[in-house]
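FYI, my numbering numbers position 51 of the sequence shown as 54, with every residue one higher than the one before it.
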Amino acid sequence: MTHINHLIRKILLSFLLIPGLVSAMTIGQTVELGKLETFAGTSYSLPANNSKNTLVMIWAS
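This is the structure in structure tokens:
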């Protein structure tokens, strides 16, 4: 029975820590982009005086 209690405590603790690891951006929030690299290996960077909106989709694997 103590093994089950220990496992439940670990699971509950991990659920408490997960929201701190993930964050979402809000609409209108800006982020400073550095140099980006495509899957093909080509580099891309935005000019410093860029006044256009840019959508960049990022995911981790």
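Yeah, the Cβ is synthetic: ideal placement off N, Cα and C, and Gly gets one too. From a predicted model like this one, the values you see are computed outputs, not experimental measurements.
Secondary structure at S17: helix, using DSSP grouped into helix, strand and coil.
Excluding the 5 residues flanking it on each side, E40 has same chain C-beta neighbours closer than 6 Å at S46, in chain order. In this structure, the alpha-carbon of L36 lies about 19 Å from that of A43.
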